[in-house]
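Numbering (full-length UniProt numbering), first residue to last: 1 to 338.
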């Protein structure tokens, strides 16, 4: 459990969120003794809800994004896929808990909140993130469960009302970036801007060449890092579908390597992930050959993400050095593919 003072939120805002989270519990079938406490703070604020009348706790996710980023129908679509994976693909994911009125997505509004926010209640999943000393083995497990999700996505008939973002070039690095402009990342100026602009052009050409046919592009988790896998004995569970949307399937591998791209362990991690994936599904040789393209695509998206979150301690710890590292990776990539 987190200390509220380490959440990164201003104390008045955290107090308002905690109060609203506590009040929200009354919309659900919990007892009056149920209490919410801070579990985790990242993109969203996660509260652990404990109720002496229930054997298991629950998790309340309060969204940090504005209502236009993830609309209520968009969040409902995320929950549709999670439920379909649970029922049809034997993928263990949190189960949404409906309010007393049957609704899954709630709206929080209060004068001292910075903005209206959506919220969803989930079942709590036990387990823990694979430890760092089993990273390579963890990536094999990660590849296998990712393939099971991709197999389901390819066969699933997406409901007509389904609505999620597309993580294509335009929405990531192009004219309508969901996470902000990579050009405004910390340390992106002068020579870095010139080099990374050239990189962006090459990425776009190669992604256009790959295309968006059904066999390569579809519904994915889009944040398949080991931090979003819980392991209990031999069972793997998947959490945090908040970024799920439509993209190239192999992009899920690139997200697994987030912020690791310069580490020497990356080639063994990729090999391990591919080994796990191929236990379930084959991968076209031409897609495997483009893994470096998707790694750079993700790295540029991380650069944009950090640029819009410079107030976060994590972003500040990376600073302009992240852009310098991105340039080193770009130079290596362009020597091979540019």
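Where a beta carbon is used, it is the ideal one built from N, C-alpha and C, also for glycine.
Going by Cα to Cα distance, which pick from the options is closest to residue i?
| i | options | result |
| --- | --- | --- |
| residue 303 | 315, 293, 311 and 76 | 315 |
| residue 366 | 170, 56 and 126 | Absent from the model: residue 366. The displayed extent of the chain is 1 to 338, so no value can be given. |
| residue 150 | 290, 138 and 245 | 245 |
| residue 330 | 117, 157 and 199 | 199 |
| residue 252 | 292, 263 and 309 | 292 |
| residue 41 | 54, 194, 210 and 9 | 9 |
| residue 121 | 271, 222, 50 and 255 | 50 |
| residue 85 | 170, 157, 57 and 139 | 157 |
| residue 188 | 63, 30 and 307 | 307 |
| residue 168 | 219, 336, 196 and 138 | 219 |
| residue 321 | 231, 185 and 240 | 185 |
| residue 338 | 56, 174 and 195 | 195 |
| residue 232 | 53, 39 and 141 | 141 |
| residue 58 | 123, 24 and 27 | 123 |
| residue 325 | 296, 312 and 311 | 296 |
| residue 110 | 260, 311, 53 and 17 | 17 |
| residue 223 | 216, 143 and 201 | 143 |
| residue 227 | 203, 204 and 256 | 256 |
Tell me the residue span of the beta strand (DSSP E) that contains residue i.
| i | result |
| --- | --- |
| residue 232 | 229–232 |
| residue 81 | Residue 81 -> not in any beta strand (DSSP E); alpha helix (DSSP H) instead, spanning 72–88. |
| residue 311 | Per DSSP, residue 311 belongs to no beta strand (DSSP E) and is neither H nor E. |
| residue 41 | 35–41 |
| residue 265 | Careful: residue 265 lies outside any beta strand (DSSP E) and carries neither H nor E. |
| residue 47 | 45–50 |
| residue 237 | 235–238 |
| residue 106 | 106–108 |
| residue 322 | Premise fails: residue 322 lies in the alpha helix (DSSP H), 321–337, not in any beta strand (DSSP E). |
| residue 391 | What is shown of the chain runs 1 to 338, which leaves residue 391 out entirely. |
Let me know if residue i comes out buried or exposed under the rule of 16 or more other beta-carbons within 10 Å of its beta-carbon.
| i | result |
| --- | --- |
| residue 69 | exposed |
| residue 66 | exposed |
| residue 118 | buried |
| residue 263 | exposed |
| residue 190 | exposed |
| residue 96 | buried |
| residue 394 | An answer regarding residue 394 cannot be provided, because it is not within the stretch 1 to 338 covered by the chain. |
| residue 112 | exposed |
| residue 221 | buried |
| residue 247 | buried |
| residue 63 | buried |
| residue 116 | exposed |
| residue 15 | exposed |
| residue 177 | buried |
| residue 290 | buried |
| residue 25 | buried |
| residue 243 | buried |
| residue 265 | exposed |
| residue 298 | buried |
Could you pull the start and end residues of the alpha helix (DSSP H) that residue i belongs to?
| i | result |
| --- | --- |
| residue 246 | Per DSSP, residue 246 belongs to no alpha helix (DSSP H); it is in the beta strand (DSSP E), 245–248. |
| residue 61 | Where residue 61 is concerned, there is no enclosing alpha helix (DSSP H), although the beta strand (DSSP E) it sits in stretches over 58–62. |
| residue 201 | 191–210 |
| residue 161 | No alpha helix (DSSP H) contains residue 161, which DSSP labels as neither H nor E. |
| residue 280 | Where residue 280 is concerned, there is no enclosing alpha helix (DSSP H), given that its DSSP letter is neither H nor E. |
| residue 173 | It is not in any alpha helix (DSSP H) - residue 173 carries neither H nor E in the DSSP assignment. |
| residue 13 | 11–24 |
So is residue i in contact with chain C if we call contact Cβ pairs under 7 Å?
| i | result |
| --- | --- |
| residue 66 | Looking at the structure shown, chain C is missing, and only one protein chain is on hand. |
Cβ pair count under 8 Å reaching 3, the stretch 86–97 against the stretch 235–251: yes
Stretch-stretch touch, CB-based, cutoff 8 Å, three pairs: the stretch 73–81 with the stretch 102–112: yes
contact_flag[the stretch 208–216, the stretch 126–137] where n(CB pairs < 8 Å) is 3 or more: no
In chain order, each beta strand (DSSP E) run of at least 3 residues that lies wholly inside the stretch 110–134: 117–123
Three CB pairs or more closer than 8 Å across the stretch 147–162 and the stretch 271–285: yes
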